[in-house]
Amino acid sequence: MAGTDKKTITRSRILNYVINNQITSKAEVSKNLNLSMPTVLSNINDLIAKGIIIETGEYESTGGRKAKSIGINPSYRYSVGIVITANHVGIVLVNLKYEIVKFRRVRMKFSPDASYCQDLSVLTSEFLKDTEYQDRILGIGISIPGIISQKAHLLIKSHALQLENYSLSFLEQAFNLPVYFENDANAAMMAEDMNRYKNAIYLSLNNTLGGAFCIGGKLFQGENQKAGEFGHMILVPGGRKCYCGKKGCADAYCAASALTDEINSLETFMEQLKSGDEAAEEKWSEYLDMLAVLISNLRMAYDMDIILGGEVGGYLAEHMLPLGEKVMEYNGFDHDIRYLRNCSYKREASAVGAAKHFLQDFIKNIE
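Be aware that the sequence shown starts at 217, since it is given in the working numbering, and climbs by one per residue.
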């Protein structure tokens with residue numbers, strides 16, 4: 217048994233390396249994972265025979281025989297990710313390379329009734345109807361805004377969905393595949409490369425503001441699964457009213473909803489900003505200022521990389537200079553803002569992260 221476990225761990229390490237390095241070779245795997253060449257050859261040849269790893273071409277010759285380049289076979293397995301919000305549902309199909317193969321977002325108001333679970337099941341079935349690889353789908357990861365007890369399959373509390381102690385069993389039973397539930401911000405953090413971010417904070421700047429910790433390459437959720445609730449840190453005492461009932465929460469100033477209204481979506485706002493609309497420019501400047509305060513506070517408290525994600529995070533890559541200038545005004549300890557990172561997935565990161573649960577579990581237990 218111990219030998220089998222060691223073999224599984226070795227294969228898992230090899231697969232993770234190949235996934236995270238688009239073009240590599242057996243020699244590079246051996247060198248960078250500190251594994252003997254016979255061990256690498258034995259495992260990779262077997263994985264090629266199974267169809268999990270494929271030969272993708274040849275390296276340029278440095279004399280002698282050309283080395284074969286290898287990569288993951290992205291279509292070997294898939295996973296579905298679903299993100300539930302108060303008014304929308306996003307669905308993604310993710311391959312073994314963590315790429316989004318298919319995506320759909322629909323307006324669908326959340327309801328605690330069983331009919332919602334059934335409607336979501338039908339929507340997912342329609343989404344997958346034309347795919348020829350349904351037998352290769354490992355499971356469905358569902359991202360939900362709120363505090364989740366995975367052990368009890370319970371949504372303990374969700375301000376966004378206005379729920380407390382809501383059983384997730386109805387949702388689980390609506391699908392004929394294994395189901396995994398995760399908090400939306402934690403799922404968005406999981407969408408990132410945990411090998412790249414051993415220690416990091418993820419700021420999920422969606423319609424509500426969430427957050428997550430990654431410490432030592434693993435999610436840190438706190439004693440009561442409440443770690444990362446940055447949206448409800450008081451940013452302005454006595455300030456704007458937050459949906460949680462308190463005044464001055466970071467959510468009221470830094471969530472995407474701070475830039476939108478009943479008429480204009482975030483996309484519309486960003487178009488107005490790009491066209492030079494003065495009102496949009498003023499609102500954006502105020503938004504960046506409050507976000508800079510939050511970022512500075514988090515950097516002072518935790519001294520780690522901060523990933524800017526969520527819907528607003530998808531746009532921030534083009535605005536890092538003005539944001540950086542504002543952050544530096546509040547932070548006298550760092551000489552630059554290299555610790556500020558842009559998210560890997562501009563849309564539906566939470567759905568991708570929830571889907572990755574099954575793909576990573578598959579790799580972890582590969583035989």
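Backbone N, C-alpha and C fix where the C-beta goes; we use that ideal spot for every residue, glycine too.
> Mapping DSSP to helix, strand and coil, what is N236?
Replying inline: helix
> According to DSSP, what are the bridge partners of D521?
Replying inline: A416
>> Quick check on the DSSP output: the beta strand (DSSP E) that includes Y314 runs from which residue to which?
In response: Note, Y314: premise wrong, no beta strand (DSSP E); not H, not E.
> Whose CA, out of G273, S285, A404, lies closest to the CA of N298?
Replying inline: Asn is not the amino acid found at residue 298; the sequence shown has Ile there. Taking only the C-alpha atoms, the option nearest I298 is A404.
>> Please classify A533 as buried or exposed, where buried requires at least 16 neighbouring CB atoms within 10 angstroms.
In response: exposed
>> Three Cβ pairs or more, each shorter than 8 Å: is that satisfied between the stretch 402 to 420 and the stretch 322 to 339?
In response: no
>> Measuring only the C-alpha atoms, how far is T476 from L524?
In response: 19 Å
>> Going by DSSP in three states, R557 sits in which element: helix, strand or coil?
In response: strand
> By Cβ distance below 7 Å, which residues in the same chain neighbour K562 in space, the five residues on each side in sequence not counted?
Replying inline: G530
> Going by Cα to Cα distance, which pick from L231, L263, A428 is closest to N248?
Replying inline: L231
> Between G219 and N289, what straight-line distance do the alpha-carbon atoms span, to the nearest angstrom?
Replying inline: Interpretation of G219 is limited by its pLDDT of 44, a score under 50 that renders its predicted location unreliable; the figure taken from the coordinates is listed afterwards. One C-alpha to the other measures close to 26 Å.
>> Measuring straight from C-alpha to C-alpha, what distance separates G444 and L312?
In response: 28 Å
>> To the nearest angstrom, how far is the alpha carbon of M217 from that of T301?
In response: Residue placement at M217 cannot be trusted, given a pLDDT of 40 that sits under 50; what the coordinates show is reported in the next sentence. The alpha-carbon atoms of M217 and T301 are separated by roughly 44 Å.
> Is the CB-CB distance between L354 and S291 below 7 Å?
Replying inline: no
> Can L514 and L539 be called in contact, C-beta distance under 7 Å?
Replying inline: no
>> Using a 10 Å radius around the Cβ and a threshold of 16 neighbouring Cβ atoms, would you call M406 buried or exposed?
In response: buried
> Sorted by chain position, which residues of the same chain lie with C-beta nearer than 7 Å to A565's C-beta, five sequence neighbours on each side aside?
Replying inline: A404, A407, G525, C559
> Just the Cα atoms here: how many angstroms apart are R227 and Y469?
Replying inline: 46 Å
> What's the gap between the Cα of F397 and the Cα of I364?
Replying inline: 8 Å
> Around the Cβ of E527, are there at least 16 other Cβ atoms within 10 angstroms (buried) or fewer (exposed)?
Replying inline: buried
> Can you list, in chain order, the residues of its chain whose CB lies under 6 Å from that of F436, leaving out five sequence neighbours each side?
Replying inline: F429, A443
> Residue range of the alpha helix (DSSP H) that A570 falls in?
Replying inline: 565 to 580
>> Suppose only complete runs of 3+ residues qualify. What are the beta strand (DSSP E) ranges in the stretch 414 to 456, listed by chain order?
In response: 416 to 421, 425 to 431, 434 to 436
> If S201 sits next to P361, beta carbons under 8 Å apart, how far is it from one beta carbon to the other, in whole angstroms?
Replying inline: Missing from the structure shown is residue 201; the chain here goes from 217 to 583 and no further.
> Curious, which full-length beta strand (DSSP E) runs of at least 3 residues does the stretch 338 to 412 contain?
Replying inline: 353 to 360, 363 to 365, 370 to 374, 379 to 383, 395 to 399
> Using a Cβ-Cβ cut-off of 7 Å (strictly less than) and excluding sequence neighbours within five positions of I582, which residues of its own chain qualify?
Replying inline: T224, R227, S228, L231
>> Looking at the secondary structure, which residues open and close the alpha helix (DSSP H) in which Y546 lies?
In response: 536 to 546
>> For a test of the three-state rule: what should DSSP assign to Y459, helix, strand or coil?
In response: coil
> So what's S501 in DSSP terms, helix, strand or just coil?
Replying inline: helix
>> Using the Cβ count rule (16 or more neighbours within 10 Å means buried), how would you classify S258?
In response: exposed
> Going by the beta-carbon positions, is the gap between V256 and S246 smaller than 7 Å?
Replying inline: yes
> Around the C-beta of M253, are 16 or more other C-beta atoms found within 10 angstroms, so that it is buried, or is it exposed?
Replying inline: exposed
> Does the Cβ-Cβ distance between A570 and I286 come in under 7 Å?
Replying inline: no
> Nearest chain B C-beta to A368 closer than 7 Å, yes or no?
Replying inline: Any reference to chain B falls outside this structure, which holds one protein chain only.
> In whole angstroms, what is the alpha-carbon distance linking F446 and L263?
Replying inline: 43 Å
>> Could you give the first and the last residue of the continuous alpha helix (DSSP H) run that contains G464?
In response: Unbroken run through G464: none, as it is neither H nor E.
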